[in-house]
Amino acid sequence: DAGVIQSPRHEVTEMGQEVTLRCKPISGHNSLFWYRQTMMRGLELLIYFNNNVPIDDSGMPEDRFSAKMPNASFSTLKIQPSEPRDSAVYFCASSLRTSFGTGRTNTGELFFGEGSRLTVL
Amino acid sequence: QKEVEQNSGPLSVPEGAIASLNCTYSDRGSQSFFWYRQYSGKSPELIMFIYSNGDKEDGRFTAQLNKASQYVSLLIRDSQPSDSATYLCAVKKDSSYKLIFGSGTRLLVRP
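Now the structure itself:
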């Protein structure tokens, strides 16, 4: 089976431009996460979708960031306008979230895509 | 205080030695604990998870959990140069979807 697929792998753009990052989760997974990784802040959760519905976007830094998941097999993260401080590696990850009778959810294993390295000049 | 703390390293060990990676967490409600490995320029991949106090072994890897001390560790026996990577500790509450990552410890295994 294919893993999580992200595009583009690398993006170099100028400040003020719109950036759109794309993600195709693993088929059958019902949870999708967008993370951002920088040397200074590590891996930060930006937004979480469950069954295509945004559940928590508290990690989205500003109104310049938006994310959508129009169907179970596709999600986008958009930055408009982009700024140099947005430069980072953006990871999409998916998982299968199930609940057991005790309230315990599944292992929580996230499957990460290869990431999109964004450089804003 | 960060929710998940790790020493950034690098931790340098000779080939064949035991590498010990440590992680502390602040939320006593945390129930699930994960170790991810991330090679330079690559994405994180899950190595092990542990729920219960004590040790859990998988091949050369052993995860250790002490909830009273809010401490989780990863031991790598017979370290190989191919183990050189950044190791990320992550924790979550059982009722939560949110996986909180530490900043990672960089491990270097010298041939």
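Respectively, the protein sequence lines represent chains L and G.
Sequential numbering of the first sequence, starting at 1, is according to our numbering.
Sequential numbering of the second sequence, starting at 1, is according to our numbering.
Every residue, glycine too, gets a C-beta built ideally from N, C-alpha and C.
Nothing here was measured: the structure is a model prediction, and the numbers come from that model.
Quiz item: What residues in the region 86–99 of chain L have a beta carbon less than 7 Å from any beta carbon of chain G?
Solution: Phe91, Arg97
Quiz item: Taking one C-beta from the region 24–43 of chain L and one from the region 64–75 of chain L each time, how about it: are there three or more such pairs within less than 8 Å?
Solution: yes
Exercise. Would you check if the region 16–31 of chain G and the region 72–80 of chain G touch, i.e. whether three or more CB-CB distances between them fall below 8 Å?
Key: yes
Exercise. State the start and end residues of the unbroken beta strand (DSSP E) segment that holds Pro70 (chain L).
Key: 65–71
Quiz prompt | Cβ-based burial, Ile55 (chain L) [other Cβ within 10 Å; buried from 16] | solution = In this structure Ile55 (chain L) is exposed. Its beta-carbon is surrounded by fewer than 16 other beta-carbon atoms within 10 angstroms.
Quiz item: Counting Cβ pairs, one atom from each stretch, are 3 or more of them under 8 Å apart for the region 46–60 of chain G and the region 7–15 of chain G?
Solution: no
Quiz prompt | Buried or exposed by the 16-neighbour rule on C-beta atoms within 10 Å, applied to Leu121 (chain L) | solution = exposed
Quiz item: What is the DSSP secondary structure of Pro14 (chain G), reduced to helix, strand or coil?
Solution: In this structure, DSSP gives Pro14 (chain G) an extended state, which the three-state scheme calls strand.
Self-check item: Buried versus exposed, by CB contacts within 10 Å (16 or more), Val53 (chain L)
Solution: exposed
Quiz item: On the three-state DSSP scale, how would you describe Ser52 (chain G)?
Solution: coil
Quiz item: DSSP beta-bridge partners for Ile47 (chain L)?
Solution: BP columns for Ile47 (chain L) point to L:Trp34.
Practice problem: Please state if the CB of Leu43 (chain L) and the CB of Pro61 (chain L) are separated by a distance shorter than 9 Å. | Solution: no
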